[in-house]
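Novice:
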Amino acid sequence: MKKGKRTFGKILMVLTLAFFYLPILYMIIFSFNAGKSLTAFTGFSLRWYQHMLDSKDMMEALYTTFTVAIIATLISTAVGTISAIGLSKSKKILRDVMDQVNNFPMMNPEIVTAIGFMLLFITFKIEKGYATMLLAHIAFCIPYVMLSVMPKIRSLDPNLADAAMDLGATPWQALIRVIVPEITPGIISGALIAFTMSVDDFIISYFVTGGGVKNLSIVVYTMSKRINPSINAVSTLVVIIITVVLVLINVVPMLMAKRQKKDEVSRRSFVLPGCAAAAVILLICLVKIGSAGQDLPYAGQTLSVYMPGEYMGENVIPDFEKATGATVAMEYFDSNEQMYIKVANEENYDVLIPSDYMIQRLMNEGYLQKLKPELLTCMDEITDSVKHPAFDPDDAYSVSYFWGTVGIVYDKTKVSEEDLEREGFNIFKDTKYRGDIYLYDSERDSFMMALKALDYSMNTENEAELQEAYQWLVECVQTMKPEIVTDEVIDNMAQGRKALALCYSGDAAYIMAENENMGYYLPESGTNLWYDSMVIPANAKNVELAHEFINFVTSYDYAYDNSSYVGYTSPNQEVLDVLSGEGGDYEGINAYLPRVGYPKDEVFVFNDDTRKIIGNLWSKVKIAASNAN
5 MKKGKRTFGK
15 ILMVLTLAFF
25 YLPILYMIIF
35 SFNAGKSLTA
45 FTGFSLRWYQ
55 HMLDSKDMME
65 ALYTTFTVAI
75 IATLISTAVG
85 TISAIGLSKS
95 KKILRDVMDQ
105 VNNFPMMNPE
115 IVTAIGFMLL
125 FITFKIEKGY
135 ATMLLAHIAF
145 CIPYVMLSVM
155 PKIRSLDPNL
165 ADAAMDLGAT
175 PWQALIRVIV
185 PEITPGIISG
195 ALIAFTMSVD
205 DFIISYFVTG
215 GGVKNLSIVV
225 YTMSKRINPS
235 INAVSTLVVI
245 IITVVLVLIN
255 VVPMLMAKRQ
265 KKDEVSRRSF
275 VLPGCAAAAV
285 ILLICLVKIG
295 SAGQDLPYAG
305 QTLSVYMPGE
315 YMGENVIPDF
325 EKATGATVAM
335 EYFDSNEQMY
345 IKVANEENYD
355 VLIPSDYMIQ
365 RLMNEGYLQK
375 LKPELLTCMD
385 EITDSVKHPA
395 FDPDDAYSVS
405 YFWGTVGIVY
415 DKTKVSEEDL
425 EREGFNIFKD
435 TKYRGDIYLY
445 DSERDSFMMA
455 LKALDYSMNT
465 ENEAELQEAY
475 QWLVECVQTM
485 KPEIVTDEVI
495 DNMAQGRKAL
505 ALCYSGDAAY
515 IMAENENMGY
525 YLPESGTNLW
535 YDSMVIPANA
545 KNVELAHEFI
555 NFVTSYDYAY
565 DNSSYVGYTS
575 PNQEVLDVLS
585 GEGGDYEGIN
595 AYLPRVGYPK
605 DEVFVFNDDT
615 RKIIGNLWSK
625 VKIAASNAN
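This is the structure we're talking about:
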């Protein structure tokens, strides 16, 4: 009986370890994948490690992560230890109050702490960046250090310091030579927890950073929104660094155990700083810091760009910095609405890349400035199809960055073109494909699909039509049991995991390039013709440099780099012709060439009241989908 229990316990332990470590092993294996897929291994390659080392964004994020963690750990450990020792000599009522104050940040949800820090920095007009991230990390690490050190202090003889001073030690010597060595295990434990919390933190860092400063968690979050296997390489590198640090921390004290106790205690206290120094040296070796020539036209200036994540070619920013001498501070947003909040709060950016309807809103509310035609040299290279859009008919405020449509990606081995032509968007209610479809988790695009299926305008303000579209979506999720996803649709459809998906044309182009069995269809009822464009905020600090950036990005070489890498349609006419022509990356892929001139295709028009109605209704649709599944 006892043997059976022991066997069961061992099996349970093995399963638990497998549950924790198999995903890490999976990640490490796929960091050597030759292909771009995150789920299908196509061969061994070091390409993503090379991509990681060549990526200034990732290397700077790695450097920021560990320098912030090390500095925050050293400061919070010193402050936390001194505070804990000071409290141990305080009155009981003060100790009890401070214990509760110390516990509060640890019990408080991180999102609340993050918003508190953000409001603090905004209120005192502190420019967000490296310093604000470091201050926030120090602040939330201190309570963990105090929590680790306090039990060790309570276990000490309260007369220990007095005895040392009676024997001739000064208060400082009593602290350093008597108290600190006795509580060293607690200090090291607190420091390790602080270091881990800092490296791991995402939520607080996300809310308190700015000026293009990003730590690793923010970069990984951004990269996870689209297919970028470098996420596996950089994560593997972090695992290796942490493993080396842990080995050093555990092995060095064992090697020192043969020495005298005094030397052992003294040297142990330097293990963590030694590991930290090793990590810093490693990071400095990895990070490639180039210095711009002082004779370049914009040397010393910083261009702040705010755009969707993973939406730019690999060479654009490094080459722009080399050509101009300027530094580009990149920040990424998850949605146009998130971008709007920051702009409305008067945060400074030089270039924004929002979508059409949001550009209209920013124009109407005075958050954009007109472009200076004398500084724009790119307009002759841009295709006529993206000029004079409905939201900016005079091209006064915006220059196109990418454009495209929203349509249906389908598996040609499962879905017939006859069904698509007959049903259009109503194919998402065809029970033949129940459980075999993806819907996109976007209120605008999902309601566009429903409204077009009902032969209504996607810009309708008629509440009865919106309610009808809502009922269409509810029936769809209840009957068809779809998966409601975001960018994971790209890899999943490239692997042919479902028959149908609502998808952006640029993502569809990538899917079709990866899987020849995939097709792209635009219903005759019409669809959303969308534009993402570059604009300059009214409070931009570097207006001339912003125009230079717009010209650079739309020039042939870098428009080609952008479009080839991301998959979305370029506004540069020559790039469009080359990539879609014979021998081009997207030859024969109809998703790359948006349908133009079709009267039923529409551009979204911003209407705040309608947006709120659709947002509320979409939340109800997702609840209905959860209940159905």
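Under my numbering, the first residue of the sequence shown carries the number 5, and numbering increases by one thereafter.
Glycine included, every Cβ here is placed at the ideal spot set by N, Cα and C.
In three-state DSSP terms, what is residue 333?
Specialist: Note: residue 333 maps to strand in three-state DSSP.
Novice: Can you check whether the CB of residue 567 is closer than 9 Å to the CB of residue 385?
Specialist: No; because the gap between Cβ atoms is not below 9 Å, this pair is not in contact.
Novice: Note down, in chain order, each residue of its chain lying with its Cβ closer than 8 Å to the Cβ of residue 574, except the 5 sequence neighbours on either side.
Specialist: Counting only Cβ-Cβ distances below 8 Å, and skipping sequence neighbours, we find 406, 563, 564, 566, 567, 580, 583.
Novice: Nearest to residue 158 by alpha carbon, out of 215, 82, 89, 216?
Specialist: Comparing Cα-Cα distances from residue 158 to each of 215, 82, 89, 216, the minimum goes to 89.
Novice: Could you tell me which uninterrupted beta strand (DSSP E) segments, each at least 3 residues in length, are contained entirely in the segment 178-251, listed from first to last along the chain?
Specialist: Taking only runs of at least 3 residues, no beta strand (DSSP E) segment lies wholly in the segment 178-251.
Novice: Determine, using beta carbons only, whether residue 395 and residue 609 come nearer to each other than 9 Å.
Specialist: The answer is yes: Cβ separation under 9 Å.
Novice: Can you tell me the Cα-Cα spacing of residue 117 and residue 393, whole angstroms?
Specialist: Approximately 42 Å between the Cα atoms of the pair.
Novice: Please classify residue 619: is it buried, with 16 or more other beta-carbons within 10 angstroms of its beta-carbon, or exposed?
Specialist: Per the 10 Å Cβ criterion, exposed.
Novice: Quick one, which of 404, 130, 518 has its alpha-carbon nearest residue 391's?
Specialist: The option with the nearest alpha carbon to residue 391 is 404.
Novice: Give the C-beta separation of residue 442 and residue 487 to the nearest angstrom, bearing in mind that I take them to be a contact with Cβ-Cβ under 8 Å.
Specialist: Right, their Cβ atoms sit about 5 Å apart.
Novice: Could you tell me whether the segment 54-73 touches the segment 176-185, where touching means 3 or more Cβ pairs closer than 8 Å?
Specialist: Too few Cβ pairs lie closer than 8 Å, so no.
Novice: Report yes if the C-beta distance between residue 546 and residue 359 is below 9 Å; otherwise report no.
Specialist: It is not a contact, given that the beta carbons lie outside the stated cut-off.
Novice: By Cβ distance below 6 Å, which residues in the same chain neighbour residue 616 in space, the five residues on each side in sequence not counted?
Specialist: If we look at residue 616 and ignore the five residues flanking it on each side, it has no Cβ neighbours.
Novice: Go through its chain and collect everything with a Cβ distance to residue 469's Cβ below 6 Å, but skip five positions before and after it.
Specialist: For residue 469, where only same-chain residues beyond five positions count, the Cβ hits under 6 Å are 460.
Novice: Secondary structure at residue 596, three-state DSSP: helix, strand or coil?
Specialist: Three-state DSSP puts residue 596 in a helix.
Novice: Could you tell me the alpha carbon to alpha carbon distance between residue 497 and residue 142, rounded to whole angstroms?
Specialist: Between residue 497 and residue 142, the C-alpha separation is close to 44 Å.
Novice: Rounded to a whole number of angstroms, what is the C-alpha to C-alpha distance between residue 276 and residue 338?
Specialist: Note that residue 276 scores 48 on pLDDT, short of 50, meaning its location in the model is unreliable; the coordinates nonetheless yield the value given after this. About 37 Å.
Novice: Please look up how many angstroms separate the CB atoms of residue 34 and residue 236, rounded, as I've assumed it's under 8 Å.
Specialist: Right, the Cβ-Cβ distance comes to about 5 Å (below 8 Å), so this counts as a contact.
Novice: State the CB to CB distance for the pair residue 372 and residue 551, rounded to an integer number of angstroms; the pair is presumed to be in contact (CB under 8 Å).
Specialist: Not quite, the Cβ-Cβ distance comes to about 14 Å (not below 8 Å), so this is no contact.
Novice: Between residue 549 and the rest of its own chain, which residues show a CB-CB distance below 8 Å, the 5 nearest in sequence each way excluded?
Specialist: Answer for residue 549: 302, 305, 307, 328, 330, 354, listed in chain order.
Novice: Starting from residue 155, trace the alpha helix (DSSP H) in both directions and tell me its first and last residue.
Specialist: 134-158 is the span of the alpha helix (DSSP H), which, as asked, contains residue 155.
Novice: By how many angstroms is the C-alpha of residue 520 removed from the C-alpha of residue 592?
Specialist: Approximately 11 Å, taken between the alpha carbons.
Novice: Comparing alpha-carbon positions, which option in 204, 485, 362 lies nearest residue 536?
Specialist: Cα-wise, what sits closest to residue 536 is 362.
Novice: Does residue 274 come out as helix, strand or coil in the three-state DSSP assignment?
Specialist: For residue 274, the pLDDT reaches just 45, beneath the cut-off of 50, and the residue's location in the model is therefore unreliable, leaving the point undetermined.
Novice: Can you tell which of 82, 433, 492 has its C-alpha closest to the C-alpha of residue 511?
Specialist: The option with the nearest alpha carbon to residue 511 is 492.
Novice: Does the distance from the C-beta atom of residue 477 to that of residue 621 stay below 9 Å?
Specialist: In contact: residue 477 and residue 621 (Cβ atoms closer than 9 Å).
Novice: What number of angstroms, rounded off, separates the C-alpha of residue 209 from the C-alpha of residue 146?
Specialist: The alpha-carbon atoms of residue 209 and residue 146 are separated by roughly 16 Å.
Novice: Expressed to the nearest angstrom, what Euclidean distance is found between the alpha-carbon atoms of residue 526 and residue 41?
Specialist: Spanning the two alpha carbons is a distance of roughly 26 Å.
Novice: Please work out which residues of its chain come closer than 7 Å, Cβ to Cβ, to residue 46, disregarding the five sequence neighbours upstream and downstream, and give them in chain order.
Specialist: So the list reads 37, 38, 39, once near-sequence residues are dropped.
Novice: Under 9 Å, do residue 366 and residue 344 count as touching if we go by C-beta distance?
Specialist: It is a contact, given that the beta carbons lie within the stated cut-off.
Novice: Would the beta-carbon of residue 663 fall within 9 Å of that of residue 533?
Specialist: Residue 663 lies beyond the range of the chain shown here (5 to 633); nothing can be said about it.
Novice: Leaving out five residues on either side along the sequence, give the residues of the same chain with a beta carbon under 7 Å from the beta carbon of residue 232.
Specialist: The answer, listed in chain order, is 314.
Novice: What does the alpha-carbon distance come out to for the pair residue 350 and residue 133?
Specialist: Cα-Cα distance, rounded: 15 Å.
Novice: Here's the rule: buried if 16 or more other CB atoms are within 10 angstroms of the residue's CB, otherwise exposed. What is residue 164?
Specialist: Per the 10 Å Cβ criterion, exposed.
Novice: With a threshold of 16 other CB atoms inside 10 Å of the CB of residue 292, please say whether the residue is buried or exposed.
Specialist: Annotation note: pLDDT 44 at residue 292 (below 50); position unreliable, no value reported.
Novice: Could you tell me whether any Cβ in chain D is nearer than 9 Å to the Cβ of residue 175?
Specialist: Protein chains in the displayed structure number just one, and chain D is not present.
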